[in-house]
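**Q**
Number of protein chains: 2
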Amino acid sequence: MDDVKIVLPESEMPSKWYNALPDLPTPLAPPLDPQTKKPVDPDQLAVIFPRAVIEQELSPERWIPIPQPVLDVYRLYRPTPLVRASRLEKALGVKCKIYYKNESVSPAGSHKPNTAIPQAYYNKQEGVKRIATETGAGQWGTALSFACSMFGMACTVYMVKVSYNQKPYRKMLINAYGGEIFASPSEMTRTGRAMLEKDPDCAGSLGLAISEAVEDAATHDDTKYSLGSVLNHVLLHQTICGLETEKQLAMAGDKPDYLVGCVGGGSNFAGLILPFLPRKLAGENIRMVAVEPKACPTLTRGQFRYDYGDVARLTPLLKMHTLGHSFMPAPIHAGGLRYHGDAPILCNLVDEGLIDAEAYYQTDCFDAAKLFLQTEGFLPAPETSHAIKGAIETAKKAKPGETVVFLYSGHGMLDLASYDAYMSGKLTNFDYPEENIVEALKDCPVIG
Amino acid sequence: MDDVKIVLPESEMPSKWYNALPDLPTPLAPPLDPQTKKPVDPDQLAVIFPRAVIEQELSPERWIPIPQPVLDVYRLYRPTPLVRASRLEKALGVKCKIYYKNESVSPAGSHKPNTAIPQAYYNKQEGVKRIATETGAGQWGTALSFACSMFGMACTVYMVKVSYNQKPYRKMLINAYGGEIFASPSEMTRTGRAMLEKDPDCAGSLGLAISEAVEDAATHDDTKYSLGSVLNHVLLHQTICGLETEKQLAMAGDKPDYLVGCVGGGSNFAGLILPFLPRKLAGENIRMVAVEPKACPTLTRGQFRYDYGDVARLTPLLKMHTLGHSFMPAPIHAGGLRYHGDAPILCNLVDEGLIDAEAYYQTDCFDAAKLFLQTEGFLPAPETSHAIKGAIETAKKAKPGETVVFLYSGHGMLDLASYDAYMSGKLTNFDYPEENIVEALKDCPVIG
């Protein structure tokens, strides 16, 4: 009988990350300084990022060694299992194989620690005492506070106030790891105080929380800033998912025909697919399917152009599929997928026609999550439910014997209120009117 | 470098449970009919339990095969990892080895599915359509609703009302698995209605919830009852934990000097230690340490005598260490450890001097959990924190090179409110006054 879980021995855990930058068919458009519209000088970034991370962001090297102390923490939960979802296949009546790469087994419950751990490590190496970051739904803040606790560092999380109030368990978990957390806008920063003065009841936004975390880092010598998605070095760290998957499929005697993942900023999906890019470019028929919510259809309906990463226009300009940095996605439960842009590396590949993108309504994704729960037993995060929906639709179209692999990015133990809303029929589906997107895109800078 | 996680291949997963009954140095005292005080006739139990389970409860066979459909569901999460807690060892400065058997990786987040799955299966085999049960903190109700969903059965959970209101996520998770859940006392049973008539604001108790679930099963032809701890068949199913541990220690070239676990009804601890009983009886120096809360010190301060399993005196009389069935433990956060009695098999072994018992205050257990979280990364359930505290104290006394293994029974993702109370200094420690125990024991029946 075939194994349900393909378990990679610890000795086989990858010791290098794969950097896709040198393999992109078209070179990546550089990040631009928001003032001068010229490529960003790496030295400018050193105020908020450690040198090692900046080097990785721009590195031309295809393979980057994973430091031993990072491997040591990875080994608390890695290698993660690749699981054959036989019971789901049976329920669907499909003749293809479905596997899922289970990143929910990390201490923080998602793939996010894969980059939080090296980011904490590199900061520690360079004498940084504290890392500041923002978090929306809370997954990233949890992962970074976990990673900081592993290296004995302080961690400050600015959490969008509306989520801070809605999700008290996230705050408690971040506190348990020793992290401090503030509802954003907060009294801790000039930006926060100014906003509170203007509007004491301001519910906050991810853009505002980014501004607070960046200001905190820029104004304290011992503190740097950390981002949990979008940037090249984050995607680099996540490639350990795909590298392990490649070895595990080989152990099972399989090859991937379809790779599926959900996309918010794009790091979990990129982590799965990028290691397979060289094989695809060499002619292997591997289809890569990015799944996003119809309420935030960045890859399916956005424009590929330079835009700001945040509402407040503080970040460098990135060339990406965007719905406009002033776009306000509807309040869907997959909070991690509510981002107006996407990782530039992914957008580059979508533009090249190497990645397919699909968008689904949230109730259809919860239906898929429920089927997964009642067949495979595990409770997926709302973000992950999009990957499951995409995998199911892919499996229905796949030929007998083909292999569908999706990335199971996180569990839903702290998202049960979303399931309750779904089960009691309270969920609304959202399309986004074309005119709103057009309006938001008017704010985008016009480059070159 | 040694592996952090000792992973047993699926092909090595035990295919039989170990039944300790024939190996007990002193035969187990039989359960008695609460009316006649004579040994219970197995036929009486058939109203609420399936035949296969009743047979296992009394079986003289040392090895009992695990049915293939049960193995198929076990394989969704089993074998579970045995993990070397090197970072915890280092933080403690101990020279012994500490391992933990991680049962939190199951879909329900605890060891409970190990018995929920076979119980659901045996009921299904005998044509039962629905299983009724009670749950206190919610772990057991979650596990049974998960198991029922795997076999396409209905599940009804009576959850103690005070917990039902305090822990809304448990209810949502049980619903997500397709289970129905009622706050107990409920309008669904005669017992519940009678209680509500007397006291509409009754907060409920585990004893009352048991009564409702038993009545539900006894009054519906297609419905049986299921219990998540204490009884012999439950401990039997949990032995898969210890059987795997034995193989995993052998893989690592180690032998256990200390086996540690927390005890509520006793099923997780028994699951770990019972498979090592033959080796201990053969003279191997394996010390077995049962850890309980000082607020509910059943093994350390209870009397070994016949008592009822529930407040309402509906269950058979069991010979066990008891604080008296009318004993009301203080409201500690480890809800799963608040039981006046313990599994008869464990109590038998404690009485023989084969198991040591220790009791700790809850704040000391949370301190231990925090150290575990900040070294090993994972968030333990409050019940599990007692096992961690016991393992730490054991490790401090162990000789260099000795091996301490503890059972990590569940994660604490749905117990974050308890951590919040702990971190904000709101936790109280409870001793239980001797006179209260003496008073509660006056209610116990005097046998023979």
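Chains as they are written, first to last, in this note's numbering: chain F, 1 to 448; chain E, 449 to 896.
From the three backbone atoms N, C-alpha and C, an ideal C-beta is built for every residue, glycine too.
1. When DSSP builds the beta bridges, which residues end up paired with H859/E?
2. Quick check on the DSSP output: the alpha helix (DSSP H) that includes T687/E runs from which residue to which?
3. Any beta-carbon of chain F closer than 7 Å to the one on P555/E?
4. At a Cβ cut of 8 Å, what residues of the region 622 to 641 of chain E count as close to chain F, listed as they run along the chain?
5. Return the residue from the list V40/F, L8/F and E12/F that minimises the CA-CA distance to P316/F.
6. Could you check whether L536/E and K549/E sit closer than 7 Å to each other, using their CB atoms as the reference points?
7. Taking the alpha carbon of Y422/F as the point to measure from, which residue in I793/E, A624/E, Y787/E and Q696/E has its own alpha carbon closest?
8. In the DSSP output, which residue or residues are listed as bridge partners for W17/F?
9. How would you label P400/F, buried or exposed, when you count the other beta carbons within 10 angstroms and need 16 or more for buried?
10. Whole angstroms is fine: what's the gap from G377/F's alpha carbon to D33/F's?
11. Using the C-alpha atoms, what's the distance from I332/F back to A398/F?
12. Please list, in chain order, the chain E residues whose beta carbon lies closer than 7 Å to that of G127/F.
13. How long is the line joining the alpha carbons of E402/F and M251/F, rounded to whole angstroms?
14. At a Cβ cut of 8 Å, what residues of the region 583 to 600 of chain E count as close to chain F, listed as they run along the chain?
15. Report the residue from P726/E, P741/E and Y706/E whose alpha carbon sits nearest the alpha carbon of G714/E.
16. Measuring CB to CB, does T581/E end up less than 7 Å from L621/E?
17. Whole angstroms are fine: how far does the CA of P479/E sit from the CA of R510/E?
18. Counting only runs of 4+ residues fully inside the region 84 to 132 of chain F, write out the alpha helix (DSSP H) ranges in chain order.
19. Buried or exposed: N884/E, going by 16 or more other Cβ atoms within 10 Å of its Cβ?
20. Using a C-beta to C-beta distance shorter than 9 Å, which residues of chain E count as neighbours of D3/F?
21. Tell me, to the nearest whole angstrom, how far the beta carbon of G138/F is from that of K161/F; I am working on the premise that it is less than 8 Å.
22. Please report the Cβ distance between P409/E and V576/E, rounded to the nearest whole angstrom; I am assuming they are in contact, meaning their Cβ atoms lie under 8 Å.
23. Have a look at L274/F, V311/F, T189/F and G336/F and flag the residue whose alpha-carbon is nearest the alpha-carbon of H325/F.
24. To the nearest angstrom, how far is it from the Cα of G652/E to the Cα of M636/E?
25. Please list, in chain order, all residues of the same chain as A369/F whose beta carbon is under 7 Å from its beta carbon, the five residues on each side excluded.
26. If you draw a straight line from the alpha carbon of L469/E to that of P490/E, how long is it in whole angstroms?
27. Kindly list the residues whose CB is nearer than 6 Å to the CB of M768/E, restricted to its own chain and excluding five residues on each side of it in sequence; keep chain order.
28. Give the DSSP-derived three-state secondary structure of D364/F in the structure shown.
29. Tell me, please, which residues DSSP counts as bridged to L32/F.
30. What number of angstroms, rounded off, separates the C-alpha of L889/E from the C-alpha of D799/E?
31. Nearest to T239/F by CA position, among I273/F, V230/F and F151/F, is which residue?
32. If you check the beta carbons only, do V852/E and A839/E fall under 7 Å apart?
33. Three-state secondary structure (DSSP) at A183/F?
34. When you compare only the Cα positions, how much space is there between K171/F and Y18/F?
35. Start and end of the beta strand (DSSP E) containing P536/F?
36. With a cut-off of 7 Å, does the C-beta of Y863/E fall near any C-beta of chain F?
**A** Well, looking at it:
1. Here residue 859/E refers to the residue found at position 411 of the second sequence. Residue pairing from DSSP places H859/E in a beta bridge opposite P828/E.
2. Your numbering for residue 687/E matches position 239 in the second sequence. N680 to M699 is the span of the alpha helix (DSSP H), which, as asked, contains T687/E.
3. Counting from 1 along the second sequence, the entry for residue 555/E is found at position 107. The beta-carbon of P555/E is placed less than 7 Å from the nearest beta-carbon of chain F.
4. Residues of the region 622 to 641 of chain E with a Cβ closer than 8 Å to any Cβ of chain F, in chain order: N623, A624, Y625 and G626.
5. In the first sequence, the residue the question calls residue 316/F occupies position 316. Nearest C-alpha to P316/F: V40/F.
6. Sequence index remark: in the second sequence, residue 549/E carries index 101 (1-based). Sequence index remark: in the second sequence, residue 536/E carries index 88 (1-based). A distance of 7 Å or more separates the beta carbons of K549/E and L536/E.
7. Here the question's residue 422/F lines up with position 422 in the first sequence. When only C-alpha atoms are compared, the closest one is A624/E.
8. Numbered from 1 along the first sequence, position 17 holds the residue referred to as residue 17/F. Partner(s): I64/F.
9. As a working note, residue 400/F is residue 400 in the first sequence. P400/F comes out exposed.
10. Position 377 of the first sequence, counting from 1, holds the residue named residue 377/F. Position 33 of the first sequence, counting from 1, holds the residue named residue 33/F. Using only the alpha carbons, I get a separation of about 48 Å.
11. Here residue 398/F is taken as the residue at index 398 of the first sequence, counted from 1. Here residue 332/F is taken as the residue at index 332 of the first sequence, counted from 1. Whole-angstrom Cα-Cα distance: 29 Å.
12. In the first sequence, counting from the first residue as 1, residue 127/F sits at position 127. In chain order: nothing, as chain E lies at least about 21 Å away.
13. As a position in the first sequence, residue 402/F is number 402, starting the count at 1. As a position in the first sequence, residue 251/F is number 251, starting the count at 1. Cα to Cα, the separation comes out at about 16 Å.
14. If the cut-off is 8 Å between Cβ atoms, the region 583 to 600 of chain E has F594, S597 and M598 near chain F.
15. Within the second sequence, the letter at position 266 stands for residue 714/E. Selected option, being the one with the closest Cα: P741/E.
16. Position 133 of the second sequence, counted from the first residue, corresponds to residue 581/E. Position 173 of the second sequence, counted from the first residue, corresponds to residue 621/E. With a cutoff of 7 Å on beta-carbon distance, T581/E and L621/E are scored as not near each other.
17. Numbered from 1 along the second sequence, position 62 holds the residue referred to as residue 510/E. Numbered from 1 along the second sequence, position 31 holds the residue referred to as residue 479/E. Rounded to the nearest angstrom, the two C-alpha atoms are 20 Å apart.
18. List check, alpha helix (DSSP H) in window: 86 to 92 and 113 to 125.
19. Here the question's residue 884/E lines up with position 436 in the second sequence. By the neighbour-count rule (16 or more Cβ atoms within 10 Å), N884/E is not buried but exposed.
20. The count along the first sequence starts at 1 and reaches residue 3/F at position 3. Those are P457, E458, S459 and R523, listed as they occur along chain E.
21. Indexing the first sequence from 1 puts residue 138/F at position 138. Indexing the first sequence from 1 puts residue 161/F at position 161. Contact flag wrong, Cβ pair sits at about 12 Å.
22. Outside the displayed span of chain E (449 to 896) sits residue 409/E, for which this structure offers no information.
23. Reading the first sequence from its first residue, position 325 is the one you call residue 325/F. Nearest option by C-alpha distance: V311/F.
24. Numbered from its first residue, the second sequence carries residue 652/E at position 204. Numbered from its first residue, the second sequence carries residue 636/E at position 188. Distance between the alpha carbons of G652/E and M636/E is about 14 Å.
25. Working through the first sequence from its first residue, we reach residue 369/F at position 369. These residues qualify, in order along the chain: P380, S385 and I388.
26. The residue given as residue 469/E occupies position 21 in the second sequence. The residue given as residue 490/E occupies position 42 in the second sequence. Between L469/E and P490/E, the alpha-carbon positions lie close to 17 Å from each other.
27. As a position in the second sequence, residue 768/E is number 320, starting the count at 1. G789, D790, P792 and C795, listed in sequence order.
28. What you label residue 364/F is simply residue 364 of the first sequence in a count that begins at 1. In this structure, D364/F counts as helix in the three-state DSSP scheme.
29. Position 32 of the first sequence, counting from 1, holds the residue named residue 32/F. Per the DSSP secondary-structure output, L32/F pairs in a beta bridge with P39/F and L317/F.
30. The sequence position of residue 889/E within the second sequence is 441, counting from 1. The sequence position of residue 799/E within the second sequence is 351, counting from 1. Approximately 18 Å, taken between the alpha carbons.
31. Here residue 239/F refers to the residue found at position 239 of the first sequence. The option with the nearest alpha carbon to T239/F is I273/F.
32. By 1-based counting over the second sequence, the position of residue 852/E is 404. By 1-based counting over the second sequence, the position of residue 839/E is 391. Annotated as proximal: V852/E and A839/E, with beta-carbon spacing under 7 Å.
33. The residue you call residue 183/F lines up with position 183 of the first sequence. Strand, per DSSP.
34. Indexing the first sequence from 1 puts residue 171/F at position 171. Indexing the first sequence from 1 puts residue 18/F at position 18. When rounded, the distance between both Cα atoms is 33 Å.
35. Residue 536/F is absent from the structure shown; chain F starts at 1 and stops at 448.
36. Against the second sequence, residue 863/E aligns to sequence position 415. Checking the displayed sequence, the identity of residue 863/E turns out to be Asp instead of Tyr. It does not: the Cβ of D863/E has no partner Cβ on chain F nearer than 7 Å.
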